[in-house]
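Sequences listed follow chains A and B, in order.
Taking the working numbering, the leading residue of the first sequence gets 1, the next gets one more, and so forth.
Taking the working numbering, the leading residue of the second sequence gets 1001, the next gets one more, and so forth.
Each residue gets a CB set at the ideal place from its N, CA and C atoms; glycine is no exception.
Predicted model, so just to flag it, every value in this text is computed and none were measured.
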Amino acid sequence: DQQVKQNSPSLSVQEGRISILNCDYTNSMFDYFLWYKKYPAEGPTFLISISSIKDKNEDGRFTVFLNKSAKHLSLHIVPSQPGDSAVYFCAGLSNSGYALNFGKGTSLLVTP
Amino acid sequence: KAGVTQTPRYLIKTRGQQVTLSCSPISGHRSVSWYQQTPGQGLQFLFEYFSETQRNKGNFPGRFSGRQFSNSRSEMNVSTLELGDSALYLCASKEESHYNEQFFGPGTRLTVL
């Protein structure tokens, strides 16, 4: 069963605007979340993470928000740039497991 | 440090054959995980090895197996290939601390005809 869900397969945003990518999870044991970015023909690269004891983590243009009660997290990219066009994966990790549970990804297109 | 490397990058096999994929982790990383990426299912966890021992396993049939060597390099094997095994196989390594980020290799694109 899919424990991490990214319900928007794709998103198109204009350059300079905010991109918001959403992710929902069902496993209450997840206590750490990561976002990865993937370009075609390359492996995913780590973008940003957040521990469940926090509700926000910021790194430059990227901010991740976590709402534990709603089991929801989101990645904000401000301002969006054409180079941000890629597939973004959300992943959850529990303190008893070693496997990243990935969502199916959201393909972001940033248009000039 | 050099990144995670995977060989071969592309592979074409026919149904019923077997295949072995190789992964060399980042120097010093002892944990190696394997994932399968398909268009319909996203990235799915296959298994994780640490110090030559399989520490965790995903929900894949026994046709999928792996091993890790003393130098942390890992191989995964798929026997009796099926058309549905066509996918991008990704290897990731990380340091020992549980929550450290995983670093992915470029993947091996396997096509089964």
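Best match in the options for proximity to residue i [C-alpha to C-alpha]
i	options	result
E1101/B	K37/A, I18/A, D1/A and Q2/A	K37/A
P1061/B	R1067/B, V1078/B, Q1054/B and S1070/B	V1078/B
K1094/B	L66/A, T45/A, V64/A and N57/A	T45/A
Q1017/B	F1064/B, M1076/B, P1025/B and T1080/B	T1080/B
S28/A	S69/A, P112/A, S107/A and Q81/A	S69/A
Host beta strand (DSSP E) of residue i (start-end)
i	result
K1024/B	It should be noted that the sequence gives Ser, not Lys, for residue 1024/B. Element bounds for S1024/B: V1019 to S1024.
M1076/B	S1074 to V1078
D24/A	S19 to Y25
Y1035/B	S1031 to T1038
G92/A	A86 to S94
G1066/B	F1064 to Q1068
S69/A	Note, S69/A: premise wrong, no beta strand (DSSP E); not H, not E.
9 Å Cβ cut-off: residues of chain A touching residue i
i	result
Q1068/B	Here the premise fails: no neighbours, minimum Cβ distance about 13 Å.
S1033/B	Y98, A99 and L100
For residue i, the three-state DSSP class (helix, strand or coil)
i	result
D55/A	coil
D1/A	coil
G1058/B	coil
L1011/B	strand
L1083/B	helix
G83/A	helix
Q6/A	coil
A1092/B	strand
G1016/B	coil
Proximal residues of chain B, C-beta to C-beta of residue i below 7 Å
i	result
E42/A	P1106
G105/A	G1042
Y32/A	Y1099
Contacts of residue i in chain A (Cβ-Cβ under 7 Å)
i	result
Q1102/B	L100
E1048/B	Y98 and A99
Contacts of residue i in chain B (Cβ-Cβ under 9 Å)
i	result
S49/A	Y1099 and E1101
L66/A	Within 9 Å Cβ-Cβ: nothing; L66/A doesn't reach chain B, min ~15 Å.
F46/A	E1101, Q1102, F1103 and F1104
F89/A	G1042 and L1043
Are at least three pairs of beta-carbons, each pair with one atom in the region 63–80 of chain A and one in the region 17–33 of chain A, less than 8 Å apart?
Counting C-beta pairs closer than 8 Å gives three or more between the region 63–80 of chain A and the region 17–33 of chain A, which meets the contact rule.
For the 8 Å Cβ check, are there 3 or more pairs between the region 11–20 of chain A and the region 90–104 of chain A?
no
Would you check if the region 48–62 of chain A and the region 1030–1040 of chain B touch, i.e. whether three or more CB-CB distances between them fall below 8 Å?
no
Any 3 or more C-beta pairs closer than 8 Å across the region 77–90 of chain A and the region 100–112 of chain A
yes
If you pair each beta-carbon of the region 1046–1057 of chain B with each one of the region 1002–1012 of chain B, do three or more pairs fall below 8 Å?
no
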